[in-house]
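Residue numbers (the numbering used here), protein chains in the order written: chain A, 219 to 322; chain B, 795 to 1438; chain C, 4 to 496; chain D, 152 to 617. Cβ atoms here follow ideal geometry from the backbone N, Cα and C, with glycine treated the same way.
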């Protein structure tokens, strides 16, 4: 059983990032898209923590950053949800493809 | 020393007339304008005569040579050091002679028009234009600077344009004036380029300096001008030839003569003044002005002048035999006579006895002015009476127009070269000169003189004898004194002018040239002339079918001559078909479709592009994100791997 | 005198016009303003000649400099030499005539005159500015008024023409801008000041890049082939005064720019590209002339002939001799007056006959002797009749061009000379058809010119004749300037 | 403590206003009109106070820093918000949620203030989010309009995505340098691939906010869907703020990697100008039209930024943005005045506008000419200085393309002018009665457009602050 190193972490976070991106690109449901964004943010969190642990263990910036990211993510989600609800009110659906009136 | 202000007055009085009558004529001088114009003209004529007298008799010659004087010179437009257009006055035998001729004929025409143009609604305009023309012509003859002569050259052109188009509601007149202007303009381009060449090499525009520089074999200018050559011909020759082309255009030399017959659309007095006596000889005058350069430095150019003159003389004479419009006949005869003057210059040499041709040419110019003006004015009287130019409407008019008849006859005799009338003397000298220098030209000249006699008397008999006379309604008189006085005066001139010892005053090197009279030599031409006269009498004195027979017998020649050898048609083909269709139309099309098309195409293609790429803005937030990520990665790859 | 008056006066006029209540007031204010400009221009002329007579040989007179964006090396630097004075005179003539002929504009009168005056402001500013930046500033100021004038008061396919004009001119000024920046950064010290730039000589490479940019850029304004296509459409759909300003003033901006900026600052570039310029200008001259021959519409005829005539300007510049350069400026002045007058006359005829098709007119001389006499005068001027301005200018260009001994320029000059025949052809076709021949039915009771039209025409005619009869004063005015521009250029003899 | 008050003055005032609004809302005491007036006055005061007793300095050990230039930038933003509050007074008074709207807008502004004076990536990130999220909510403010909510949705989702990207970039920076303070990072940057990657990610995030092609796609949709006030806020205030900070970041933080981002700027600015212009060509809706035109404008701003000259570059960009704010607000103001009464947003509806509304037409014309860069409007000077600054790097091709783009842009601006002034219309927009405050704002904008260019001391003042 080997100790996971920086590169494992980075790989993991990258994977997480791209999973999130993939979800964001493919999912039709707005809420799911929001969730995939959370994935992206979490991958970033992982990055920060990893860097902090393996490279700059004498600093705390990464950790703080992570905390703030979580907080912001929450705020973002709150507003996003509010907007989605409003969208549902007007479009009677939370499918992203029903909201493509504005184009060209 | 002749007085500059006087000479200025000679020129400026007609201009004053033009300005005054042109601007205020219609308002204030509707009827008096004729008198005003004539008076001004009279004054300047007197002044001209006075000047001539002063120059020829009072002014002392320096060892027998008339000095060319420049009493006035003002720098008008400085190009570069040395090269400048100066407005100046040059006084030498030919310019003085021309002053006299122009003012005198112009005065005659002014007087004549008082009767001829009476009651015309644009009477003042007419006199204004006459004034403008006289001014320009006088300015031309006294020009001391080759560019100045070009300037007045253009001005006479435009005033002739205005006068030909005087009856502006007649489409034929409009066409004629356009044609006259454009053809001469075309020739003037040659003149202009000639000027440019000459001025470039002689580094001056002033006549005296230019002549002096280009005739002295050791001057640097001369050397450079001869050294530089194009197509094996020296730049100097090119320059002179081009200048001559300008002269040929104005003087209706073949093949640039086509405008002259049509120019007869103008009022007849105008034809008398411009298209017989004065403007059309401007070409001759120009060559005479530059004669030393021609004769000394570019004999080829001069011989070209000679041949062009001879050919024109002959062709014109042949055509004249077949025309039925009396003014056109006169026009062609004018062309033929100018041909005489030209080749007289052409066969002449510089200085002394060899300069006979020069003297003869100027002499003929002088006499021709008299009798040709007389002929035209006479014809005018006839037309005024008949209201037609066609010979077939005329005949037996001698009863109704006695004075006209006599004067016309005198003129005919003069031009036919019957002694002792003016034409005889001048023509003799020309033939003599030709005989001495160039036999080919001499024979052409001889034939032409015969033809001249023939067609002139064809005209004469056609008008005054031939078929029986029938009275014409309205006015019985010949148009009153106003029209008769000039006829008589000119008739006197036409009969007496020949006795002037012309060589004493005008000669190529301005020395005194004795022109003696060889009886033996002049038998041939006179005989030919008389023969022509008798043939004409035999054919046209009584109404008969001989002319038609003759015409039928030499059918081809007659037809082609009648159609003026189809030269007009050729020109029309060139302009209409080639220039308009092959250059003008394509140019316009090219501009509209290609150049402009390109400009519009750029605009439209931009629009099209923007239409085609609108798909990126699909409205799908997810595809936006995809573009986002893709371009991020693209940029990263670009800058990490490619563009370091 | 203080040159900024030339800018302040139109500015003031424009502002007052905006404050006016009714059309009549607007007209009179505009006329007064134009008249003042006229007077001012002459005052300038006389003071200038006085100064020169007093032996003031400074290159630029009445120089004034105000600080403006010093951090960019921009200064509001004004000054005139003979060339500018000539152009200013031209502008003054055209402006007053333009105001007069548009006396009975009824649609949005206030805006119309406002824009006219604004246009004149641009022109004056352009001609007196000695700083590339403000030169450019005024150059572009003049564009939008033209656009609006054509688009609002125009006729025919006006929107299209207006757009085309604005875009092509903007394209031109875009090139100018780039070239300008090129010069700006080339020198040792960054400066837009013409006088400074002319001192520090610009590197050869920069000249090779910037000269064509600047020349073509300005060339677009003065109908450099093949960028002339805005000319016919623009002129023909503009209102009378608009066409007068366009052809009379605005096309001259380009020529002046080519001279004052491109050639003056970059003599080497000029010499390198001279051949191309000459070729293009000769093409413009002949091809414009032949294209004109095919036109049916009077305005198109004059527009295309402007292309041909402005070709002479470019030819004069391209030939790079003192005389030809002088001739180019003379041609600018003469063509400005002449073409403005031509458009004015066309406008007068159009107002009466309501057609511009030559084929639909005839014998108008009977009904409107004054207008048609003016038409004759302007026609004759355009075909280069001595005694009128056109002749002087063209001859100067020819003589100047002929100073080159090499065959190429010879051929070019001869071709250019040939154009005067073609000019005669199309001018006479148009003029005789319109004026002479039997009177077209329906035109029996047309009236002759009104006082304002007469005044306008006479002012311009006076200018034309003044130059035509006494060219020496204009020559003396222009030549020194031309010599200074030429001083860095040597012609191979 | 004392310098805390002085240095953070603008932020504190804003916070004060926000809290005031909050209390008002809770107490639901005051009507819209007086409240709006109070807000306007306070904003104006905040703006004016920006000119007095400023100090330069840093707080929270370098997390927050302020200089005179930064204060000026804040002032410009503040001013534009003030103008917005004037311009859309009519709309505000009608809507019952005005206090919320202002709360959001002001907090966004607050975010931008912090953004501008952030000295640290964490601060920067927080400020950016604070500046973005409320705007998304603002975009949704036409609660009953479908388009509005769609716009908000697109805004929030794509901005969330972009902040994800941004964070990833930041994490890479942190990983590469081990620091998140702007002061330290440049000392630790060497242009390694990883750092380039990080730069690209950050650049992308900025590009998204500035709507640089190809990160611009959300812009037009959001602008069109959002209420006019939000649109103008987006197009003016947030653009300005991000441009300022973008410039600062590139110049300060990524200074060692200048060549990389210069090339990046060059490519993208050309793309931005061309695409923006090409799309603007074919727009019918005035808001969408202005959206694309503003994208093209950003392309020009980037030209200025690319000069990377600490004095000329910064000054010309700030100067341009100042002008751009007035021009764009004037255009939006006119559009809003028309839309609020006639609900007409199509350019074709503007045909014959001049007949009925000369004032609006002239203001619109001024604004568009200024955007197109036609003298004597200020836009001419702004554009010219941007170009001059950009040209100092001596890339002729780049500058030529830019200059030629000015022609395309002129084409579509003239399209509007044409329909306003030239084209006939049987039933043009009727005479519109403009709110006095809106009229005041329009006059201010018009005057500014004319004067800012001609009064060169304004430029010198900006330069003096560096």
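CA-CA distance, residue 351 of chain D and residue 1432 of chain B? 10 angstroms
Beta-ladder partner(s) of residue 216 of chain D, from DSSP: D/209
Could you name the residues of chain B that residue 405 of chain C contacts, counting a contact when the two beta carbons are closer than 7 angstroms? 990, 994
Is there a C-beta anywhere in chain C that falls below 8 angstroms from the one on residue 298 of chain D? no
Mind checking residue 303 of chain A: buried by the 16 CB within 10 Å criterion, or exposed? exposed
At what residues does the beta strand (DSSP E) containing residue 882 of chain B begin and finish? 877 to 885
Per DSSP, residue 309 of chain A forms a beta bridge with which residues? DSSP, once it has assigned bridges, lists no residue as partnering residue 309 of chain A.
For a cutoff of 8 angstroms on Cβ pairs, would you count residue 824 of chain B as touching chain C? no
What does DSSP give as the partner residue(s) for residue 80 of chain C in the beta ladder? C/68
Please go through the stretch 1260 to 1327 of chain B and give each complete alpha helix (DSSP H) segment of 4 or more residues, from N-terminal end onward. 1274 to 1290
Mind the definition here: the stretch 478 to 489 of chain C touches the stretch 321 to 332 of chain C only if three or more C-beta pairs lie below 8 angstroms; say whether that holds. yes
Name, in chain order, the residues that DSSP records as bridge partners for residue 1024 of chain B. B/1027
How many whole angstroms separate the CB atoms of residue 1411 of chain B and residue 321 of chain A, which I take to be in contact at a CB cut-off of 8 angstroms? 6 angstroms
Would you say residue 321 of chain A lies against chain B (beta-carbon separation less than 8 angstroms)? yes
Cβ of residue 1098 of chain B within 8 angstroms of any chain D Cβ: no
What residues are listed by DSSP as bridge partners for residue 863 of chain B? B/885
From residue 291 of chain A to residue 256 of chain A, what distance separates their C-alpha atoms? 7 angstroms
Can you tell me which of C/404, C/431, C/243, C/221 puts its alpha carbon nearest to the alpha carbon of residue 385 of chain C? C/431
Using a C-beta cutoff of 8 angstroms, does residue 433 of chain D count as contacting chain B? yes
Report the residue from C/492, C/351, C/490, C/485 whose alpha carbon sits nearest the alpha carbon of residue 458 of chain C. C/351
Taking residue 315 of chain A as the reference, which of D/602, D/334, D/304, D/399 has the closest Cα? D/304
Helix, strand or coil: which one does DSSP assign to residue 797 of chain B? coil
So what's residue 1002 of chain B in DSSP terms, helix, strand or just coil? helix
Shorter than 8 angstroms from the beta carbon of residue 487 of chain C to some beta carbon of chain B? no
Using the three-state DSSP reduction, which class does residue 134 of chain C fall into: helix, strand or coil? strand
Where DSSP assigns a beta bridge to residue 29 of chain C, which residues make up the other side? According to DSSP, residue 29 of chain C bridges with nothing at all.
Listing by chain order, which chain B residues have their CB less than 9 angstroms from the CB of residue 372 of chain D? 1411, 1413, 1415, 1418
Under the rule that 16 or more other beta-carbon atoms within 10 Å means buried, what is residue 496 of chain D, buried or exposed? buried
Based on DSSP bridge pairs, tell me the residues matched to residue 197 of chain D. None, per the DSSP bridge assignment.
Which residues mark the beginning and the end of the alpha helix (DSSP H) in which residue 963 of chain B is found? Looking at the DSSP string, residue 963 of chain B is not in any alpha helix (DSSP H), and its letter there is neither H nor E.
Can you tell me which of the three DSSP states residue 499 of chain D falls into? helix
What residues match up with residue 1360 of chain B in a beta bridge as DSSP calls it? Answer is none; residue 1360 of chain B lacks a bridge partner.
Where residue 232 of chain C falls, given that 16 or more other Cβ within 10 Å makes a residue buried: buried
Could you check whether the Cβ of residue 1429 of chain B sits closer than 8 angstroms to any Cβ belonging to chain G? Annotation note: the requested chain G is absent from the structure, which comprises protein chains A, B, C and D.
List the residues of chain A that residue 307 of chain D touches, going by C-beta distances under 7 angstroms, in chain order. 297, 298, 301
Contact list for the stretch 237 to 253 of chain A against chain B, Cβ threshold 9 angstroms: 239, 242, 243, 244, 245, 246, 251
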